[in-house]
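See structure below.
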Amino acid sequence: MYFGVDYYPEHWDIDMIDEDLTRMKEMGVNIVRIGEFAWHLMEPKEGEYDFSFFDMVIKKIKKNNIKIMFGTPTATFPAWLANKHPDILSEEIDGNKKVFGGRRQYCYTSKTYRDYSRKISEKLVSHYKDEEAIISWQVDNEFGHEGSDMCYCDNCHMDFQKFLKNKYKNIDELNERYGTIFWGQTYNDFNEIPIPKITITTHNPSLRLDWSRYRSFTLNRYAIEQFNIVKAHKGEHQKVTTNASGGFFNKYFDHDEQFKDLDFASYDNYPVWGGLVEPMPPEEIAMTLDFIRGLKDDNFWIVEQLMGAQGHDVIGYLPRPNQAKMWAHQGIAHGCNNMIWFRWRGMTKGAEQFCFGIIDHDNKNGRKYKEVQEFIRYMKPHKEIINSKIKSDIAILYSYDNVRSWRIQKQSSTYNFNDELVKLYRPFYRKNLNIDLIPSSRDISKYKVILIPNLMIVDDQLKNRLDKFLEDGGRIVFTYRAGIKDIDNNINFKETIPCSLREMVGARVEEIESLGEEISTEVRYNNEIFKAKVWRDLLKLETAKELVNYNDFYRNYSCVTENKFKNGKVYYIGSSLDNKLMDLLSDKIIEGLDLDIIDSPENLEIYKRTLNNEDYFFISNHSDKELEFKGNKIKPYEIKVEKRLC
Ligand code: GLA
Ligand code: ZN
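The number in this note's numbering is simply the position in the sequence shown, starting from 1, with 377 added.
This is how it looks when you write it as structure tokens:
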């Protein structure tokens, strides 16, 4: 098990490295991540490769018995490359080219960039393939982050037309499936097809979905090409990973495809960043960790664990004493089994002088150093349980096409897929149940409950698998707009919503309404009134029974239904409901199931892990208040690993 820091020796006087490494060792460090932005240092001039700096650094690291994760430096190309080949720079929707400075301004489609990336990666990885201290390569850094997943350049345009040509047998099929007859947009040839740059009103929804698919295709083509280059040149003992950033549902690439053949998933865990005045809520941090675990359905690394306040030009919230330590504990609870903190020492120069690390600019071992040191000491004895696999009875399914479709047409001004997924996740998280978050293509047979937020696009294959799940006694929860679209992002014709899901839902949607900003409506459940926002499906019962109805002009319509179907049950939630009602409905949804519910006060997360039939509980207090649990007082941001809850 590794605990370490992100270390940038190239940022400091080299005579500081020995003391740095000694202090790291004293803190409990046994791994450092280095190199991921140091392309110019390794290739100061085109074709002149020089690894002498890192040769020296690695020698010193090894002397301290510390291992290394080495980052390939393709996220930050040298100025000489941009100067010689400006075509590598990505382009904005308005035609503006990105300029050198910042990072990740490259176009994933650029053959020039792919070629230079190949060369530096081949040279670097070959140089260190026999270095036993390097146990893993991190390829690039946070693919697609900070808006780098989008480019509107001519390279991308021509490649997109090729992508379409490969996908559709001929232009007639594309016209038919796109419905280009609408507004006279029929194409005679693929070379007439635009990329959805700025236009008047809006582009064709099928074109926009294919463009989103293409963005994922070209980014993952670059990423997987880089993975394969590293695999071809690395040592047998060296693993390959890349680090996902947060905000994955806002990224234009399929993470499942990207991570498929990596040795393990890595994540950058920032519960708060930039100008945010407060952290993400505990359930959303938990959801992000479950998403990362879901990529390989296995334990994962956190290679950037937040410790200090972070921001580029604007800094935000200061993690309270022990709060960042608690977030680290939560990350371990949800499946992280190797952790690296960002960063050893905050840099004084460059764009991240306000991204505070463990050591601040005074270069002293302060509060954060002691917190990490305590944490490593506390977690080391729990190595076995930390490496145990997590088993969940509940899974949330997502599909990238569906997420893309919602990004293209959000239908309600207040709609946000991530928010709606967290809203569905939260009540089950609050019961301290383990939850998997996986693509809808995965096997679902091992679960008892499947939650599927806003699944507009349903193909027959998925529908049949859901049928089978119900046949086997499973329970499914759909939320609004389920089943309305086909795989071309078009509305199903001559079908009553929820279309192919209608029989299992046992109700039909007769009317729909988008509830915009500040608009909410009331719904009634067990004679209590609650709020509903964002959207509403007005449901008419068929074989289902009503759980919740609208408490306004549409009082004769249902909002939430329950339907016995085959050997299972199907719930349909026709609006975005407040947390209290979602808590009550979740009780109903899991009624009669043998699940390990643990009641705890708000903000007290209890995460169960099992090893050799023994249960362990990771207790994290997410609040700045003392909380009471089973007669025990849990201090603000306190963490505990308990063998039993007493
Ligand atoms: C990201 C990047 C790091 C650094 C940190 C700052 O996660 O991977 O290089 O920019 O954020 O918080
Ligand atoms: Zn491009």
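Virtual Cβ for every residue (Gly too), placed ideally from N, Cα, C.
| Item | Value |
| --- | --- |
| Candidates 500, 404, 635: closest to residue 777 by CA position | 635 |
| Counterpart residues of residue 713 in DSSP-defined beta bridges | 677 |
| For residue 446, three-class secondary structure by DSSP | strand |
| Residues that DSSP places opposite residue 905 in a beta bridge | 902 |
| Anticipated Cβ contact below 8 Å, residue 788 with residue 912, distance rounded | 7 Å |
| Residue 387 beta carbon near the ligand GLA (any heavy atom closer than 7 Å) | no |
| Touching by the beta-carbon criterion (3+ pairs, under 8 Å), the stretch 866-886 and the stretch 968-983 | no |
| Backbone secondary structure at residue 574 - three-state DSSP | coil |
| Nearest to residue 820 (by Cα), restricted to the options 797, 795, 804, 846 | 846 |
| Nearest candidate by alpha-carbon position, reference residue 781, set 724, 805, 628 | 628 |
| Pocket of the ligand ZN defined by Cβ to heavy atom distance under 5 Å | 484, 486, 528, 530, 532, 533 |
| Identity of the residues DSSP links to residue 816 by a beta bridge | 775 |
| Which of helix, strand or coil DSSP assigns to residue 923 | strand |
| Environment of residue 682 [buried if 16+ CB atoms lie within 10 Å] | buried |
| Inter-residue spacing [alpha-carbon to alpha-carbon] between residue 453 and residue 477 | 9 Å |
| Reduced DSSP secondary structure (H/G/I, E/B, other) of residue 998 | strand |
| Inter-residue Cα distance where the pair is residue 486 and residue 499 | 19 Å |
| Sequence ranges, beta strand (DSSP E) only - wholly within the stretch 960-990, length at least 3 | 981-988 |
| Presumed contact (8 Å Cβ cut-off) between residue 827 and residue 853, rounded CB distance | 5 Å |
| Heavy atom of the ligand GLA within 7 Å of residue 682 beta-carbon | no |
| Cβ-Cβ separation, residue 506 to residue 611 (assumed contact under 8 Å), whole Å | 5 Å |
| Span separating the alpha-carbon of residue 509 from that of residue 447 | 12 Å |
| N-terminal and C-terminal residue of the beta strand (DSSP E) that residue 877 is part of | From DSSP, residue 877 is part of no beta strand (DSSP E); its letter is neither H nor E. |
| Alpha-carbon to alpha-carbon, residue 719 and residue 437 | 21 Å |
| Whether residue 619 touches residue 516 by CB criterion (8 Å) | yes |
| Residue 947 versus residue 909: straight-line alpha-carbon distance, rounded | 20 Å |
| Rounded C-alpha distance that separates residue 765 from residue 952 | 38 Å |
| Distance cut-off 7 Å: residue 622 Cβ against heavy atoms of the ligand GLA | yes |
| Identity of the residue in 716, 928, 873, 530 nearest residue 898 by Cα | 928 |
| Closer than 7 Å: residue 732 CB and nearest the ligand GLA heavy atom | yes |
| Nearest residue (CA-CA) to residue 811, options 858, 843, 710, 934 | 710 |
| Heavy atom of the ligand GLA within 7 Å of residue 588 beta-carbon | no |
| Status (buried if at least 16 other CB within 10 Å, exposed otherwise) for residue 614 | exposed |
| Cβ-Cβ separation, residue 386 to residue 420 (assumed contact under 8 Å), whole Å | Their Cβ separation, rounded to whole angstroms, is 18 Å, which puts residue 420 and residue 386 out of contact at 8 Å. |
| Distance CB(residue 824)-CB(residue 851) smaller than 8 Å | yes |
| DSSP-derived helix/strand/coil call for residue 621 | strand |
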